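> The structure is given below, and queries will be raised subsequently.
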Amino acid sequence: MEKKEQLYEGKAKKVFATENPDYVIVSYKDDATAFNGLKKGTIAGKGVINNKMSNLLMQMLEKKGIKTHFVEEIDDRNTVVKKVEIVPLEVIIRNVAAGSFSKRYGVPEGTLFMSPTIEFSYKNDDLGDPLINDYHALALKLATVEEIETIKKMAFTVNEEMKSFFKEHLNVDLIDFKLEFGRFKGEIVLADEISPDTCRFWEAGSWDTTKHVSLDKDRFRRDLGGVEDAYQEIFKRLKGE
Ligand code: TMP
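This note's numbering applies: residue 15 is where the sequence shown begins, and numbers increase by one.
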């Protein structure tokens, strides 16, 4: 499948039309931003890793019964996906307190939850992706009651599958992550990406200490160093090397 005109350029990806109106090509860049674009940088090789990692995980999830936008990987940085209408919600699942949760509620990072939590942000850069609840999402007409129920169910299932997959195969604890969903032919499907940009991966067993080892974009956000190495390491483990 060939790229036609560029439809959109985001912070980490470009989207191109194809000859098939149902499909687009996503092209992953090495650009990295944090704090709603305030911090900018490049992570060499990130585009390749995020593309391939996201594709492997989406295929794993498809096998577990989760519908995704994945169609076909074209090359290192380019993938054909279903042309979805993105539901403008960032869906965040957390297993352990970290990041904005710890800051907002005054809970130390590394505090394990009794059960996973879910939260929504309104995907709107001008507003800084504000935290919202289900009722706000309905009031803003971002999704229907049924869609929100489906999204929640899918997000928790993705969490269970990913949590055990990462622990078993990569020796990594899945602390939290962000998902996005889209509408395709009347159905909700998992869209966007699942990568070190959108997940927190901590070296197994390090989550209950103050010295956890991050193998994700927090190394960039927090200037921890070893950013490229962390992306390479998690990808190496995913490939089973
Ligand atoms: P947070 O603790 O900063 O709210 O982040 C929760 C998770 O969501 C974390 O795994 C990183 C991911 N995330 C994104 O993918 N995009 C974003 O814009 C933000 C703020 C977080």
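Yeah, the Cβ is synthetic: ideal placement off N, Cα and C, and Gly gets one too.
A quick note: this is a predicted structure, and the numbers were derived from the prediction, not measured.
What does Arg118 pair with, by DSSP beta-bridge criteria?
One-based indexing of the sequence shown puts residue 118 at position 104. Its beta-bridge partners do not exist; DSSP assigns none.
> Less than 9 angstroms between the beta carbons of Thr93 and Val159, yes or no?
For this step, residue 93 is matched to residue 79 along the sequence shown. For this step, residue 159 is matched to residue 145 along the sequence shown. No, the Cβ-Cβ distance between Thr93 and Val159 is not below 9 angstroms.
> Hey, how far is the Cα of Gly254 from the Cα of Leu184?
For the purposes of this step, residue 254 is identified with residue 240 of the sequence shown, where counting begins at 1. For the purposes of this step, residue 184 is identified with residue 170 of the sequence shown, where counting begins at 1. Roughly 8 angstroms separates the two Cα atoms.
> Which runs of the beta strand (DSSP E) fall wholly inside the region 61-127 and span at least 3 residues, in chain order?
As far as the region 61-127 is concerned, its whole beta strand (DSSP E) runs of at least 3 residues are 84-87, 92-96, 103-110.
> What residue from Asp140, Glu161, Lys17, Tyr136 has the CA that sits closest to His150's CA?
Sequence index remark: in the sequence shown, residue 150 carries index 136 (1-based). Selected option, being the one with the closest Cα: Tyr136.
> Just the C-alpha distance for Glu19 and Val186, rounded to the nearest angstrom, thanks.
Here residue 19 refers to the residue found at position 5 when the sequence shown is read from its first residue. Here residue 186 refers to the residue found at position 172 when the sequence shown is read from its first residue. If I take the Cα positions, the gap works out to 39 angstroms.
> Quick one, which of Ala46, Pro35, Gly124, Asp36 has its alpha-carbon nearest Asp211's?
Taking the sequence shown and counting its residues from 1, one reaches residue 211 at position 197. Considering only alpha carbons, the answer is Ala46.
> Report yes or no: do three or more beta-carbon pairs, one from the region 46-61 and one from the region 69-88, lie closer than 8 angstroms?
Counting Cβ pairs under 8 angstroms, fewer than three are found: no touch.
> Per the contact definition of three or more C-beta pairs closer than 8 angstroms, is the region 77-86 in contact with the region 218-227?
No, they do not touch.
> Can you name, in chain order, every residue of its own chain whose Cβ lies under 8 angstroms from the Cβ of Asn34, other than the five neighbours on each side?
Translated into positions along the sequence shown, residue 34 becomes position 20. Here the set comprises Met15.
> Pair every Cβ in the region 106-121 with every Cβ in the region 168-183, then say whether three or more of these pairs are closer than 8 angstroms.
They touch, by the three-pair rule.
> Provide the residue(s) that pair with Lys41 in DSSP beta bridges, ordered along the chain.
Looking up residue 41 in the sequence shown gives position 27. Note on residue identity: the sequence assigns Ser, not Lys, to residue 41. In DSSP, Ser41 forms a bridge with Lys28, Asn92.
> Whether or not the region 163-171 and the region 190-209 are in contact is what I'm after, with contact meaning three or more pairs of Cβ atoms, one per stretch, closer than 8 angstroms; do they touch?
Judged by Cβ distances under 8 angstroms, the region 190-209 makes contact with the region 163-171, as three or more pairs qualify.
> Quick one: is Glu201 buried, meaning 16 or more other Cβ sit within 10 Å of its Cβ, or exposed?
Counting from 1 along the sequence shown, the entry for residue 201 is found at position 187. Its Cβ having fewer than 16 others within 10 Å, Glu201 is exposed.
> For Ile202, which residues does DSSP report across the bridge?
Within the sequence shown, residue 202 is the residue found at index 188, counting from 1. Ile202 is bridged to Arg197.
> Report yes if the C-beta of Ile132 is less than 8 angstroms from at least one heavy atom of the ligand TMP; otherwise report no.
Position 118 of the sequence shown, counted from the first residue, corresponds to residue 132. Ile132 Cβ: outside cutoff for every heavy atom of the ligand TMP.
> Between which two residues does the alpha helix (DSSP H) carrying Lys231 extend?
Position 217 of the sequence shown holds residue 231. Lys231 -> no alpha helix (DSSP H), and no H or E assigned at all.
> Taking the continuous beta strand (DSSP E) assigned at Thr56, which residues delimit it?
Within the sequence shown, residue 56 is the residue found at index 42, counting from 1. 53-56 is the extent of the beta strand (DSSP E) around Thr56.
> Which residues in the same chain have their Cβ closer than 8 angstroms to the Cβ of Arg233, if we skip the five residues on either side of it in sequence?
Position 219 of the sequence shown, counting from 1, holds the residue named residue 233. Answer for Arg233: Gly239, Gly240, Val241, Ala244, listed in chain order.
> Is Asn64 buried or exposed, if buried means 16 or more other CB atoms sit within 10 Å of its CB?
By 1-based counting over the sequence shown, the position of residue 64 is 50. By the 10 Å Cβ count, Asn64 comes out buried.
> Can you list, in chain order, the residues of its chain whose CB lies under 6 angstroms from that of Thr164, leaving out five sequence neighbours each side?
Counting from one through the sequence shown, the residue named residue 164 turns up at place 150. The answer, listed in chain order, is Ile202.
> What residue does the alpha helix (DSSP H) around Leu152 start on, and which one ends it?
Here residue 152 refers to the residue found at position 138 of the sequence shown. That run of the alpha helix (DSSP H) goes 148-153.
> Mind checking whether the beta-carbon of Asn109 lies closer than 8 angstroms to any heavy atom of the ligand TMP?
Translated into positions along the sequence shown, residue 109 becomes position 95. No, Cβ of Asn109 sits at least 8 angstroms from all heavy atoms of the ligand TMP.
> By how many angstroms is the C-alpha of Arg214 removed from the C-alpha of Phe49?
Position 35 of the sequence shown, counting from 1, holds the residue named residue 49. Position 200 of the sequence shown, counting from 1, holds the residue named residue 214. The alpha-carbon atoms of Phe49 and Arg214 are separated by roughly 16 angstroms.
> Taking Glu163 as part of the beta strand (DSSP E), name the residues at either end of that continuous run.
The residue labelled residue 163 in the question sits at position 149 within the sequence shown. Element bounds for Glu163: not the beta strand (DSSP E) but the alpha helix (DSSP H), 159-184.
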